[in-house]
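Counting in this note's numbering, the sequence shown runs without a single skipped number right up to 341 at its last residue.
All C-beta atoms in this analysis are idealised placements derived from N, C-alpha and C, irrespective of residue type, glycine included.
Please read the structure below before turning to the comments.
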Amino acid sequence: RAEPLAAPSLSPPIVIAHRGASGLRPEHTLASYELAIAQGADFIEPDLVLTKDDVFVARHENNIADTSDVADHPEFADRRTTKTIDGEQVTGWFTEDFTLAELKTLRAKERLPMLRPANTDYDGRFQIPTLEEIIALAKRASAETGRTIGIYPETKHPSYFASIGQPMERRLVAALDAAGWNGADAPVFIQSFEVDNLRRLHALTKVRLIQLLDDTGGPADGAAPSYADMISPAGLKQVAGYAWGIGPNKDMIAVGSKPATTLVRDAHAAGLRVHPWTFRAENYFLPRSQWKGLNPRGHGDVEAAIRRQLALGIDGFFTDFPLIGVEMRNAA
Ligand code: G3P
Ligand code: CA
Numbered sequence: 010r011a012e013p014l015a016a017p018s019l020s021p022p023i024v025i026a027h028r029g030a031s032g033l034r035p036e037h038t039l040a041s042y043e044l045a046i047a048q049g050a051d052f053i054e055p056d057l058v059l060t061k062d063d064v065f066v067a068r069h070e071n072n073i074a075d076t077s078d079v080a081d082h083p084e085f086a087d088r089r090t091t092k093t094i095d096g097e098q099v100t101g102w103f104t105e106d107f108t109l110a111e112l113k114t115l116r117a118k119e120r121l122p123m124l125r126p127a128n129t130d131y132d133g134r135f136q137i138p139t140l141e142e143i144i145a146l147a148k149r150a151s152a153e154t155g156r157t158i159g160i161y162p163e164t165k166h167p168s169y170f171a172s173i174g175q176p177m178e179r180r181l182v183a184a185l186d187a188a189g190w191n192g193a194d195a196p197v198f199i200q201s202f203e204v205d206n207l208r209r210l211h212a213l214t215k216v217r218l219i220q221l222l223d224d225t226g227g228p229a230d231g232a233a234p235s236y237a238d239m240i241s242p243a244g245l246k247q248v249a250g251y252a253w254g255i256g257p258n259k260d261m262i263a264v265g266s267k268p269a270t271t272l273v274r275d276a277h278a279a280g281l282r283v284h285p286w287t288f289r290a291e292n293y294f295l296p297r298s299q300w301k302g303l304n305p306r307g308h309g310d311v312e313a314a315i316r317r318q319l320a321l322g323i324d325g326f327f328t329d330f331p332l333i334g335v336e337m338r339n340a341a
C-alpha cells in the first residue's frame with residue numbers, strides 16, 4: 010500500500026475545484042482535473058456513481074445521456090430506459106447498466122453547451138475517469154508539485170444505488186483503503202446530501218465527512234431532517250455527531266450585498282467547518298452583450314462573492330474556476 014500523504018491544508022481556506030476546472034473543460038474528465046491542479050486547486054471534486062461491475066466513475070449523474078456521447082453509439086441504443094431516481098422519472102442511459110469496459114468506449118461531452126460553448130471544442134476527446142485514476146492523478150501531481158492535492162468525492166444518489174443492490178459505503182471505503190487514503194490524515198473529504206450515507210460512512214471510516222446542504226427542501230433519504238432543521242443550532246449539533254463540516258449552497262451564507270446569515274458562525278459554534286458551493290460565472294463564455302452585468306473579465310461578482318464569504322470565515326469553497334479561487338484566497 011502507498012504511504013498516506015500529509016493531512017490536507019486546512020488553513021488558509023482550501024480551494025476545491027468543482028468537477029475539476031469545469032468552467033474551462035468538460036466536467037469530470039482527467040483534463041478538467043489536471044487543469045484545476047495546474048491552476049493551484051487544493052482539492053479536486055469528483056461526483057461518484059457506480060458501474061454495473063461496481064467501479065466508481067466520475068459523473069454528475071448516473072444518467073449519462075447529457076455528459077457522454079452514448080446516444081451516438083448504436084450498440085447501446087437498447088439500453089435507453091426510464092427509471093425512478095429520488096422520486097423523479099428519468100430517461101436515458103445509466104452507468105449501473107454498463108460495465109467499466111463499455112463506459113470506457115464512450116467519450117465525455119459538455120453538459121451545459123449553451124452556458125459553456127467553448128467547452129464543446131473538447132467533446133469526444135476524453136474518457137470517463139474512474140475514482141482510481143483520479144486518485145492516481147492527485148498522487149502523481151502531489152509528487153510532482155511538492156504540495157498536497159487531495160480529492161473531495163461526492164456520493165451521488167447513494168440510497169438509490171443501495172435500492173438496486175449496490176450500496177456505496179463499503180465500496181468507497183475499500184477504494185480509499187486500496188489507495189492508502191482511508192484515514193483521518195488522508196487528503197480526502199467525502200461529501201453527500203444524504204444523511205444515512207454519511208452516518209454509515211462515519212461508522213466505517215475516519216475520513217472527514219461533509220454534510221451537503223441546499224436552500225430548499227431536504228435530502229433524498231426522506232427520513233432525514235430538512236435542511237432548514239439541519240442549520241438550526243440544535244440541527245448543526247446533530248450533524249457534528251457524524252460530520253466534520255457542512256457544504257452549504259453559498260446562498261445560504263450570503264447573497265449579493267444582502268445581510269449575511271449566521272450560518273458560518275453557528276456552524277463554527279457547533280464545531281463544524283464550512284465549505285460552500287459553487288462560485289462561478291456561468292455566462293462567462295457567452296457573447297459580451299449577454300454578460301448580464303458582469304465586468305469585462307466576466308468574474309467581478311464571483312470575485313466579490315468569494316471575497317465576502319472569506320471575510321465571513323468560510324474554511325474553503327467550491328469553484329468552477331480554481332484560478333480565480335486561488336487568487337481570491339491568496340489575496341484574503
Ligand atoms: O458538491 C457540492 C456541489 O457540487 C453539490 O451540487 O450538483 O454540483 O454536485 P452538484
Ligand atoms: Ca458535487
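Only buried fits Val204, as 16 or more other CB atoms lie within 10 angstroms of its CB. Ile199 sits away from Pro176, with the two beta carbons spaced by 9 angstroms or more. Counting along the chain, Leu222 sits inside no alpha helix (DSSP H); it lies in the beta strand (DSSP E) bounded by residues 217-222. Taken in chain order, the complete beta strand (DSSP E) segments of 3 residues or longer contained in the segment 216-267 are 217-222, 254-257. Nearest in C-alpha terms to Asp51, of all of Arg289, Val335, Ala341, is Val335. Around ligand 2, the residues selected by a Cβ distance under 5 angstroms to any of its heavy atoms are Asp56, Glu163, following chain order. When only Cα atoms are considered, Ala47 and Glu36 end up about 16 angstroms apart. According to DSSP, Val79 shares a beta bridge with no other residue.
Put simply, of Ala187, Leu319, His27, Gly280 the residue whose alpha carbon is nearest the alpha carbon of Ile160 is His27.
Here Ser172 carries a helix assignment [DSSP, helix/strand/coil]. Counting the other Cβ atoms within 10 Å of the Cβ of Lys215 gives fewer than 16, which makes it exposed.
The way I'd put it, the segment 185-197 doesn't touch the segment 112-126; fewer than three beta-carbon pairs between them come closer than 8 angstroms.
Counting only the Cα atoms, Val64 lies some 11 angstroms from Ala183.
Only residues of its own chain outside the window of five on either side were considered, and among them Asn72, Lys92 have a CB closer than 6 angstroms to the CB of Val99, listed in chain order. Burial check for Val311: the Cβ neighbour count within 10 Å reaches 16 or more, so the residue is buried. Taking the Cα of Pro83 as reference, the smallest distance to any Cα among Asp95, Glu70, Trp102 is reached at Trp102. When only Cα atoms are considered, Arg179 and Ser266 end up about 44 angstroms apart. Separation of the CB atoms of Leu319 and Arg289 is rounded to 16 angstroms, and the pair is thereby denied contact status at 8 angstroms.
Between ligand 1 and Gln200, a heavy atom-to-CB distance of less than 8 angstroms is present. DSSP, reduced to helix, strand and coil, places Val66 within a strand of the structure shown. Between Ile158 and Pro196, the C-beta gap is smaller than 9 angstroms, which places the two residues in contact. Taking the Cβ atoms as the reference, Lys165 lies roughly 19 angstroms from Leu39, outside the contact range of under 8 angstroms. Residue pairing by DSSP places Ser201 opposite Gln220 in a beta bridge.
Your pair Leu59 and Glu105 checks out as a contact, with CB atoms roughly 6 angstroms apart and the cut at 8 angstroms.
Of the heavy atoms belonging to ligand 1, none sits nearer than 8 angstroms to the Cβ of Gly227. Annotated as proximal: Ala263 and Ala314, with beta-carbon spacing under 9 angstroms.
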